[in-house]
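Enquirer: Protein chains in written order, with my numbering: chain A, 64 to 418; chain B, 57 to 638.
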Amino acid sequence: MAFCGVGRSTSGALLLGSLLIAFAVQADESRIRNRTISYVMTDLFWSVYQTEDAQNECPRGFNDGPREQFEKLFPDYDSLSIEKTQLAQEIQTWHPNTEPDDFEFFEVEGELSWGLNLDGQVSANDFTHPDGTLGIDNEVYRAVGCIIGFRGPDGVEHIFQNKAILDEVFNRMMIELTEVDSLKNDESVVITMYRGKDRLLTDATGQKVMAGGTQRVDYRWGESLIRRFTGQIVDGVLFTEPIAEMVMPWQNLSVPSVHVFKDARFQLNLSSEGASGVLAGYADVDTWYYQLIRNDSTHHLSNGQISAISLYKALRRLADSHPDPETGNNTAISTALDVRMAQVYIVHPDIKAAE
Amino acid sequence: MKNPWNDCFATAGLVHWKRIILATMLSAFVSCSDSQSSITAEQLDFGSPMRTRLLTADQYTNSIAQVFGEDIASSVLPPIPPMARTDGLLASGTAFVGVTSDQVSQIQQAAASIAAQVVDQDHRDFLIPCAPEAKEAADSSCAALFIKESGRLLFRRPLSDSRLVDLVRIADYAAEQTDDFYDGLSLALEAMLISPDFIFIVDRAEVAPDAPDQRRLDAFSLASRLSFLLWNAPPDEILLQEAEAGALHTQEGLTNAVDRMLGSARLEFGVRAFFDDLMAFDEFDSLAKDPVVYPMVTGTTLEHAREQTLRTIVDHLVDQESDYRDLFTTRKTFMSMQLAAVYDTPAGEGWSPFEFDEDGPRLGLLTHVSFLAANSHSVRSSPTLRGKALRETFLCQRVPDPPPDVDFSSLEDAEDAATAKERLAVHNTNPSCAGCHLITDPMGLSLENFDGAGRFRETENGASLDIAGELDGIFYDDIAGLAKATRNHPKLSACLINRLYAYGTGGPVSLRDDRDMLAGFEDRFVENEYKLPALLRDIALSHAFSHVRSVESEVKIRDTLRIKAPAERAESANALAKMEEE
């Protein structure tokens with residue numbers, strides 16, 4: 064099993080603080096029961112490396128969204144039919160193509176990015192991790208890093224996915240670590256991904272997710288999402304082997320959807336209270352795109368200055384893995400997501416536990 | 057009323073000091089309540105005081121639900137004023153509560169709301185047993201039929217003929233004024249719902265035919281006493297019929313009635329109500345924990361903590377018919393997903409049976425989150441409150457309130473202390489504090505492995521916890537030791553009997569008058585292996601439960617039926633207290 068690169072270590076003082084706390088309590092392994100400890104996902108959003116004024120990664124500014132493009136495409140839209148303006152744009156959104164449009168697309172131009180070295184190689188097209196690690200593969204970041212809607216803390220993509228994880232049981236994903244001897248160092252642990260079917264345990268505000276909750280495994284609607292893989296824990300960090308294909312539920316704004324990640328892997332700082340780190344792999348481009356336009360209405364795309372039409376072309380152009388056997392075109396694009404989890408007790412139905 | 061137990065406690069506290077108090081307290085208590093080993097013939101002459109007591113909020117709701125349905129009952133807040141906890145029970149305060157004019161107004165508003173719903177178009181067809189000949193006019197016969205039936209259920213006894221005539225007259229008059237039969241009926245029902253005969257449970261006595269020197273409760277008063285004790289609800293139709301037929305005044309009839317009620321699923325509601333009162337769980341209605349200190353404790357968590365303990369009690373005592381004392385050592389309980397987080401354990405869906413780890417620190421009621429969280433401060437645990445609750449709730453001992461001029465400075469100066477034990481150590485050096493704290497803190501400190509929310513902790517502020525302690529001469533090293541010492545405490549059973557008898561008869565026991573009888577119950581409780589249903593049966597079938605103590609009591613208490621001015625109420629309360637002392 065090869066572990067390449069390193070995960071995102073910090074993102075500002077808040078994350079640093081939480082990690083310090085995580086490390087501080089790492090020695091507490093009281094929640095390992097029967098060599099098992101589990102975590103439920105509480106935060107998941109695209110890893111976007113940001114500098115304060117964005118000059119490093121987006122020196123030419125941010126991309127236009129649907130409203131800005133519409134103004135430029137149809138300055139005299141009052142004299143044109145809806146069919147030739149709004150509906151034409153909607154058709155292109157739902158039936159995108161790779162033909163260039165008339166808008167210059169601003170890709171990330173900086174050299175730094177969060178993520179992992181997925182292919183074990185260091186090439187000219189790779190980023191460098193802020194900690195100096197070379198060979199970081201994160202072409203989704205190259206595509207979305209200069210789109211306001213994907214940048215934190217106010218971008219619509221940044222806000223709504225976390226809110227959806229808290230609000231929507233559809234997105235309830237968990238990992239169960241078994242054969243665990245220590246959260247500090249363990250040469251081999253087994254990880255199983257499950258979907259849960261309960262609300263997250265929160266404090267009295269209803270917003271802060273607490274450790275110590277219980278989740279029942281959803282074997283009915285979640286069985287197809289179960290994945291089992293191995294990993295090891297080194298100095299409190301879990302490194303997992305690549306998972307051939309992982310399906311991640313991604314309901315947002317009450318619209319059910321999924322992402323498909325190939326050769327996905329976790330790199331997580333573990334504690335008895337929670338886990339935090341990165342999930343990286345190759346996202347299936349079509350799935351990625353249709354998740355975006357299904358979950359986000361024109362309103363949200365416009366608010367986030369996300370031109371789906373232009374972004375699709377960029378995703379296709381930057382896709383860097385899993386070529387189609389027939390066309391040779393890459394079907395997947397490297398990516399990384401920030402992930403945080405809270406410790407949880409997973410309950411299996413009696414019949415499944417017996418199995 | 058002065059509690060002779062308190063006198064015993066105070067005397068013991070004056071004679072002994074510091075740890076010596078604890079070591080000798082046990083014998084002091086034993087000497088204060090010599091128990092008799094068997095029920096004597098003389099005890100058969102015991103009677104209980106006649107009382108007039110206000111319905112509790114739950115009893116009000118249960119009464120409305122039983123007569124008119126759950127939907128109507130749940131639509132109004134019970135207009136019952138707060139009770140004063142008296143001798144450990146709110147139920148014992150119901151005979152001493154006053155009703156102000158504002159509260160009467162609330163009772164009237166609730167009555168109007170209930171009456172309006174009963175006669176509305178959604179309910180009238182199945183709650184009113186007849187239809188008027190014309191909706192726009194009075195119908196005396198239909199009104200009489202409804203008033204007679206519902207009045208009997210609400211007043212828990214048949215209406216007198218004159219009362220029935222009066223109420224029908226009200227209905228007819230109002231129907232004529234409003235040109236609506238149902239509006240008229242509604243007004244008559246409202247009159248019944250604000251009547252003291254509904255709001256108060258009134259003991260009425262009569263001369264016992266077979267023993268003219270004794271007075272017994274009349275059959276309907278006995279039926280109410282039985283049903284509120286065993287079901288926390290008014291008599292059902294069968295019990296009223298048994299009362300009407302005179303069956304409750306025969307040994308066989310009474311036995312059959314009690315056994316039927318004990319065998320009913322409704323017994324659970326009675327047992328829950330008693331223990332909810334005994335454990336002062338009404339405090340959960342206003343209990344709150346600082347969300348910064350205890351972020352995982354929410355209103356739902358606390359609600360489930362209360363429910364967990366009540367489920368445990370009902371399962372242990374009613375469903376399993378297990379030894380009452382084992383409630384303090386059993387590891388069997390129930391768990392919900394919301395509560396499991398505080399116990400740091402997984403849980404299934406809804407409520408499910410759960411067993412604490414055999415080697416873990418949780419066993420018995422004292423380690424339930426309900427007991428631990430309720431008897432703590434909002435930001436930290438409290439060995440004093442926990443020790444006080446143990447003594448007062450389960451052992452019927454009274455810990456005096458702190459003196460009004462208590463000096464907290466030495467306690468505040470101990471802010472640097474890492475553990476509660478270190479903080480409270482200052483009490484030992486101050487004789488005015490030590491007297492009380494030495495009888496509460498040792499056992500409370502043994503529960504310091506649980507924080508103010510009831511979560512387990514190995515240490516406090518990084519310091520290890522010394523939880524060894526002593527309960528009335530029994531030394532122990534850990535929580536299991538405290539649980540065992542409580543379970544085997546000689547006053548545990550006597551306290552339950554004291555409270556249960558007071559609960560059933562509507563007021564505090566008089567240890568001068570009731571002592572021997574209570575000792576008899578205790579002997580039977582031991583014979584019956586400490587099973588609660590058997591104890592309930594003994595109490596319900598006892599001579600004292602169905603008989604009253606004196607004619608003088610009856611006359612004095614009847615006065616409380618009238619709603620009095622505050623000054624008159626105070627006078628009345630004093631008179632009652634004096635009467636209890638006598």
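Glycine included, every Cβ here is placed at the ideal spot set by N, Cα and C.
Bear in mind that the values here come from a model prediction, so they are computed numbers and not experimental data.
1) Output the distance between the C-alpha atoms of residue 575 of chain B and residue 291 of chain B, rounded to the nearest integer angstrom.
2) Mind checking residue 140 of chain B: buried by the 16 CB within 10 Å criterion, or exposed?
3) Where in the stretch 510-543 of chain B do unbroken runs of the alpha helix (DSSP H), each at least 4 residues long, occur, reported from the N-terminal end onward?
4) Note down, one range per segment and in chain order, each beta strand (DSSP E) of at least 3 residues found wholly within the stretch 334-410 of chain A.
5) Mapping the DSSP letters down to three states, classify residue 312 of chain A as helix, strand or coil.
6) To the nearest angstrom, how far is it from the Cα of residue 209 of chain A to the Cα of residue 375 of chain A?
7) For residue 433 of chain B, count neighbouring Cβ atoms within 10 angstroms of its own Cβ and tell me buried if that reaches 16, exposed if not.
8) In angstroms with no decimal places, state the Cα-to-Cα distance between residue 367 of chain B and residue 324 of chain B.
9) Could you have a look at residue 328 of chain A and say whether DSSP puts it in helix, strand or coil?
10) Do we get a CB-CB distance below 8 Å when we pair residue 405 of chain B with the residues of chain A?
11) List, in order along the chain, the chain B residues whose C-beta lies closer than 8 Å to that of residue 279 of chain A?
12) On the DSSP bridge assignment, give the partners of residue 338 of chain B in chain order.
13) Starting from the beta carbon of residue 429 of chain B, find every residue of chain A whose beta carbon is closer than 8 Å, and list them in chain order.
14) According to a CB-to-CB cut-off of less than 8 Å, which residues of the stretch 158-181 of chain A neighbour chain B?
15) Is the shortest distance between the beta-carbon of residue 400 of chain B and the beta-carbons of chain A less than 8 Å?
16) Taking only beta carbons into account, state which residues of the stretch 341-353 of chain B come closer than 8 Å to chain A, listed in chain order.
17) Contact check, residue 219 of chain A vs residue 366 of chain A under 8 Å by CB: the rounded distance?
18) Taking a cut of 7 Å between CB atoms, which residues from the stretch 376-400 of chain B lie near chain A?
19) Check the Cβ-Cβ distances between residue 404 of chain A and every residue of chain B, and say whether any is below 8 Å.
20) Under 8 Å Cβ-Cβ, which residues of chain B neighbour residue 408 of chain A?
21) Taking residue 338 of chain A as the query, report the chain B residues whose CB atoms sit under 9 Å from its CB, ordered along the chain.
22) Where in the stretch 395-475 of chain B do unbroken runs of the beta strand (DSSP E), each at least 3 residues long, occur, reported from the N-terminal end onward?
23) Determine, using beta carbons only, whether residue 429 of chain B and residue 500 of chain B come nearer to each other than 8 Å.
24) Determine the contact status of residue 137 of chain B and residue 155 of chain B, defining contact as a CB-CB distance below 8 Å.
25) What does residue 276 of chain A touch in chain E if you count any residue whose Cβ is under 7 Å from its own?
26) Pull up the DSSP beta-bridge partners for residue 103 of chain B, would you.
27) Please classify residue 198 of chain B: is it buried, with 16 or more other beta-carbons within 10 angstroms of its beta-carbon, or exposed?
28) When burial is assigned at 16 or more other CB atoms within 10 Å of the CB, is residue 314 of chain A buried or exposed?
29) Taking C-beta to C-beta, are residue 327 of chain B and residue 285 of chain B nearer than 8 Å?
30) Of all Cβ atoms in chain B, is any one closer than 8 Å to the Cβ of residue 230 of chain A?
31) Would residue 283 of chain B be called buried (16 or more neighbouring beta carbons within 10 Å of its own) or exposed?
32) Determine the contact status of residue 111 of chain B and residue 330 of chain B, defining contact as a CB-CB distance below 8 Å.
33) Suppose you measure from the CA of residue 641 of chain B to the CA of residue 297 of chain B; what does that come to, to the nearest Å?
34) May I ask you to report which of helix, strand or coil DSSP gives residue 70 of chain A?
35) Anything in the stretch 233-257 of chain A with a Cβ closer than 9 Å to a Cβ of chain B? List those residues in chain order, please.
36) Could you work out which residues of chain B lie near residue 333 of chain A, taking near to mean beta carbons separated by less than 8 Å?
Expert: Here's the rundown:
1) 29 Å
2) exposed
3) 535-543
4) 337-347, 384-386, 393-410
5) strand
6) 14 Å
7) exposed
8) 9 Å
9) strand
10) yes
11) 404, 405
12) DSSP output for residue 338 of chain B lists no bridge partner at all.
13) Per Cβ cutoff of 8 Å: no residues; residue 429 of chain B is ~14 Å from chain A at best.
14) none
15) yes
16) 347, 351, 352, 353
17) 6 Å
18) 393, 396, 397, 400
19) no
20) 396, 401, 402, 403
21) The premise fails here: residue 338 of chain A is roughly 18 Å from chain B at the closest Cβ pair, so nothing lies under 9 Å.
22) 408-411
23) no
24) yes
25) Of the protein chains in the structure, A and B, none is chain E.
26) None, per the DSSP bridge assignment.
27) buried
28) buried
29) no
30) no
31) buried
32) no
33) The requested residue 641 of chain B is not part of the displayed model; chain B covers only 57 to 638.
34) For residue 70 of chain A, the pLDDT reaches just 45, beneath the cut-off of 50, and the residue's location in the model is therefore unreliable, although a value from the coordinates is still provided. DSSP places residue 70 of chain A in coil when its eight states are reduced to three.
35) none
36) What residue 333 of chain A touches in chain B: nothing, since even the nearest Cβ is about 18 Å away.
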